[in-house]
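At position 479 of the sequence shown the residue is numbered 476 (our numbering), and the sequence of numbers has no breaks. The next block holds one structure in the form of structure tokens; read it before the comments.
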Amino acid sequence: MASDNGSRSDPRRPTSMDDSGYSQPSFKRQRTALACNSCRVSEGHEARLSSIEQTLQLLLEENRQRDRQQAAWGVAELSSIDSQCGTYATSQPQEGDAATASHYGNPVANIPEDDTVDGMGAIKFADEQESGFFGPSSTVAFIKQIAGAVAAASSAAAGPGSEDHVLPSESRVDGELLRVSRPASPVTNPQVFNGASDIADVYILPPEVDTLNLVRLFFKDTGMLFPYIHEQSVLDGVKAVKRDGFSSARRSWLCLLNMILAFVTCISAQPDQPVEQNAADSNVYFMRAQKLSGNLTFKNVNIEIVQYLLLMTQYLQGTHRSAQTWNVHGLTVKAALQLGLHVENASSGFNAVEREVRKRTWYGCIILDRTMSMTFGRPPAIPTEHVRMELPVSADLGSLISGDEFQPEDGGTSTAVFFVATITLYQILGDIIANQYDQNIGTSTHTSLSCLLENTIRLEGQLLAWKRVLPDTLSRRPWDVKSGESGADVVFDKLSVILTLRYLNIRTLLHRPVLARYLEQLRVQDPDQNEMMWMQRFGQPYLEACIESASEIITIVHNLSDTPSTLGAWWFSTYYTFNAALIIFSALLIHANDKSWLGSQSNISATDLRASLQLAAQALRKLGNGARLSRRCCKFLAVLVRTTAVTG
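Spelled out as structure tokens, the structure:
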């Protein structure tokens, strides 16, 4: 966000501050190795997507003689997907790549292949095959299920006894598809997280007006979604540093401030700037915070340390560093427990506003813990039995008057209702992980189909009850032109969209085990006839619920892709869309194996599924302001579509 004089200082050319205030910044941007390395990491992930595309394209070429594409889907429809995704060759540099490399000061070459796993636990690479476990609820596990089904369906399409399979083996498919489950979020150079010592002076901030504007912008975006930090306290701290110098500031507060600046620079400050550049700019603040913290997090903790670690974990979810994301999350939970945030009585010595901040910070830890458990497929660090504190108040922190009791100021509906609704939704997510995925323990036991369906009915009831009590302000449908609500209330339009996407994503997770049972029937040579009968008689409504939620995700993101600020962070929208497309792709695989599934009794047709994939392709092309990785995943989606055509 620009300052009052219309410009924003480059964090890599910051100005130091003396006791008299902030000196004038230099606005000339320098080319740095940081941005170049960020670009290299992005290209590394593109190379992996390209490898997948080339593999599937090669396999499709081997089967071009079979004419199966026209039987499953018309040539015109396949061409439509290609036109949405672009028809660039995967081996050729993408539009803008050369310019990007030049801007960052180095050609893109010699891309390292030994990356780790991204911060959402979704992209798995070789050097963490042994150390990284990604369990049942993770997208990595879902991709493995899809890989087996693709291999089996392709083998069947090739005919009995044929060695010329579309996808010759599950191991080949598994090895390729496991490298992708969602488009990567803002790229981050791995060296960034080990290079905090390269920051010469951590006691540096942008000019005061820029800092204040960035802080206010943070609380209008990320800070509104996760309102566990007191805005006025941060603003007062910035002014105090200007007035009295850095000696007046606590290191823990400076760590938190730099993480706020990192987050807002990455997401909100320059939405029209290339995402790679935003990532490079934000990493400067991240490194300052990391160097400032030192071993501070291992000593006595305070609420600022917990908030700093919590915000850092959320930030790391937007990187390719799964190990560090998981480890910092562990530190966050330990620090919160050490501070007693989980105990109501431990906050008795604080005033009402401070108690509310502590409570919200604890619930922020819980929300993040459930998210990490879901995406990494690992057991939650905070057991449900430890969540006993009453819910936060549905009022903005700024409207509360410090004292022994709450005295909210009069006003309209607070955006804090979104935070409370998220808490209750993620409580249901915790139940889904416990009942549908056995707490992600990863045991080999197979839940009976009757028990699975019974749990699904009960948990679906909880989701419906949650949705039924949502206030009207969070039930808006700005993506639906017929609703007439678009643009009427920008803030609550955005909150409604983000909350709806979270709800639909969790609902697909609830019903995904039923979808997985269908995929499993494709894998085994001698399927259980009793289970097949059960699936045919009772499983279809659950499968359709999963597909309907996935289709709605795609529709929402597609319809709002021209106004991306309404969707929130673009990488999460891409994550939702790509995962929804995987569910639609799985449904087409199931239909290819059993034509009777989408019969006259079904509310879904194969045409509907293919239309959803087209919408997903259109949306992915727009998300991230045309980010290269979004385009790559759009192209990958087109290849998956062709795979379904070949398999029948």
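Note that CB positions come from ideal geometry on N, CA and C, so glycine has one too. Note that the structure is a prediction, hence the values are computed from the model and not measured.
Starting from residue i, follow its DSSP beta bridges and name the residues at the other end.
{"i": "Leu289", "result": "Partner(s): none; Leu289 has no beta bridge."}
Do you know how far the Cα of residue j is from the Cα of residue i?
{"i": "Gln335", "j": "Ser558", "result": "43 Å"}
{"i": "Pro109", "j": "Thr262", "result": "Reliability fails at Pro109, whose pLDDT of 31 lies under 50, so the model's placement of it is uncertain and the value that follows must be treated cautiously. Each residue's alpha carbon lies about 27 Å from the other."}
{"i": "Val511", "j": "Leu450", "result": "8 Å"}
{"i": "Glu387", "j": "Ala413", "result": "15 Å"}
{"i": "Arg5", "j": "Ala613", "result": "For Arg5, the predicted structure reports a pLDDT of 46, less than 50, and the residue's modelled location is therefore unreliable. The matter cannot be settled from this model."}
{"i": "Ser570", "j": "Asn556", "result": "12 Å"}
{"i": "Gly327", "j": "Gly458", "result": "32 Å"}
{"i": "Gln67", "j": "His383", "result": "The predicted position of Gln67 is uncertain, since its pLDDT is 41 and thus under 50; no value can be drawn from it."}
{"i": "Leu637", "j": "Pro271", "result": "28 Å"}
{"i": "Asn452", "j": "Ser344", "result": "37 Å"}
{"i": "Lys288", "j": "Val199", "result": "7 Å"}
{"i": "Val235", "j": "Ile257", "result": "12 Å"}
{"i": "Ala584", "j": "Ala431", "result": "25 Å"}
{"i": "Cys630", "j": "Lys619", "result": "11 Å"}
{"i": "Thr640", "j": "Asp269", "result": "35 Å"}
{"i": "Ile420", "j": "Leu426", "result": "10 Å"}
{"i": "Phe347", "j": "Asn297", "result": "18 Å"}
{"i": "Glu549", "j": "Leu460", "result": "16 Å"}
{"i": "Ser396", "j": "Ser370", "result": "34 Å"}
{"i": "Lys217", "j": "Ala266", "result": "11 Å"}
{"i": "Phe260", "j": "Gln314", "result": "11 Å"}
{"i": "Phe633", "j": "Leu610", "result": "12 Å"}
{"i": "Lys239", "j": "Leu338", "result": "32 Å"}
{"i": "Thr440", "j": "Val206", "result": "55 Å"}
{"i": "Asp486", "j": "Phe283", "result": "33 Å"}
{"i": "Asn600", "j": "Glu545", "result": "9 Å"}
{"i": "Gln424", "j": "Lys592", "result": "38 Å"}
{"i": "Met532", "j": "Cys448", "result": "13 Å"}
{"i": "Asp469", "j": "Gln321", "result": "39 Å"}
{"i": "Ser627", "j": "Gly621", "result": "7 Å"}
{"i": "Gln433", "j": "Asp523", "result": "25 Å"}
{"i": "Gln209", "j": "Asp233", "result": "Gln is not the amino acid found at residue 209; the sequence shown has Leu there. Whole-angstrom Cα-Cα distance: 10 Å."}
{"i": "Val685", "j": "Lys141", "result": "The structure shown does not extend to residue 685, since the chain spans only -2 to 645, so no value can be given for it."}
{"i": "Ile226", "j": "Asn576", "result": "31 Å"}
Taking the alpha carbon of residue i as the reference point, which residue from the options has its own alpha carbon closest?
{"i": "Asp278", "options": "Leu394, Glu382, Ile550, Pro203", "result": "Pro203"}
{"i": "Asn275", "options": "Gly374, Ser583, Ser599, Ala566", "result": "Ala566"}
{"i": "Ala635", "options": "Ser602, Gly621, Ile581", "result": "Ile581"}
{"i": "Ile454", "options": "Gly439, Asp428, Pro468, Thr440", "result": "Asp428"}
{"i": "Ile364", "options": "Val330, Leu214, Asn210", "result": "Val330"}
{"i": "Ala513", "options": "Val325, Ser230, Glu541, Leu610", "result": "Glu541"}
{"i": "Arg247", "options": "Gly536, Gln537, Ser290", "result": "Ser290"}
{"i": "Arg375", "options": "Gly621, Ser627, Thr136", "result": "Thr136"}
{"i": "Asp477", "options": "Thr497, Leu467, Pro468, Ala462", "result": "Thr497"}
{"i": "Trp594", "options": "Phe139, Phe535, Thr560", "result": "Phe535"}
{"i": "Gly678", "options": "Trp323, Gly242, Asp435, Ala146", "result": "As shown, the chain starts at -2 and ends at 645. That puts residue 678 outside it, with no answer to give."}
{"i": "Arg355", "options": "Val340, Thr368, Arg367, Gln615", "result": "Val340"}
{"i": "Thr563", "options": "Leu222, Val390, Phe416", "result": "Leu222"}
{"i": "His443", "options": "Leu467, Val390, Glu517", "result": "Glu517"}
{"i": "Ala392", "options": "Pro380, Val417, Pro377", "result": "Val417"}
{"i": "Val281", "options": "Leu293, Leu254, Asn292, Phe295", "result": "Leu254"}
{"i": "Thr310", "options": "Asp366, Asn342, Glu273", "result": "Asp366"}
{"i": "Glu273", "options": "Phe243, Thr316, Val466", "result": "Thr316"}
{"i": "Leu211", "options": "Ile264, Asp241, Gly242", "result": "Ile264"}
Thinking residue i and residue j are a contact (beta carbons under 8 Å), I'd like their distance in whole angstroms, please.
{"i": "Leu519", "j": "Leu586", "result": "7 Å"}
{"i": "Ala578", "j": "Ile551", "result": "7 Å"}
{"i": "Cys362", "j": "Leu307", "result": "6 Å"}
{"i": "Ile300", "j": "Thr358", "result": "6 Å"}
{"i": "Asn437", "j": "Pro133", "result": "6 Å"}
{"i": "Ala150", "j": "Ala603", "result": "The pair is not a contact, with the Cβ atoms about 15 Å apart (cut-off 8 Å)."}
{"i": "Leu394", "j": "Glu228", "result": "7 Å"}
{"i": "Ile302", "j": "Ser249", "result": "5 Å"}
{"i": "Thr574", "j": "Leu617", "result": "6 Å"}
{"i": "Thr505", "j": "Ala547", "result": "5 Å"}
{"i": "Leu446", "j": "Glu528", "result": "6 Å"}
{"i": "Phe139", "j": "Arg509", "result": "7 Å"}
{"i": "Tyr305", "j": "Ala333", "result": "In fact, because the Cβ distance is near 12 Å, the residues do not count as touching under 8 Å."}
{"i": "Ala237", "j": "Ser245", "result": "5 Å"}
{"i": "Pro389", "j": "Glu353", "result": "6 Å"}
{"i": "Leu422", "j": "Ile503", "result": "7 Å"}
Tell me, please, whether the CB atom of residue i is closer than 8 Å to any CB atom in chain B?
{"i": "Val511", "result": "The structure shown contains no chain B; it holds only a single protein chain."}
Within 7 Å: the Cβ of residue i and any heavy atom of the ligand MN?
{"i": "Val494", "result": "Among the components modelled here there is no ligand, and therefore nothing to report on the ligand MN."}
Task: Contact the region 464 to 481 vs the region 490 to 501: 3+ CB pairs below 8 Å - done: yes
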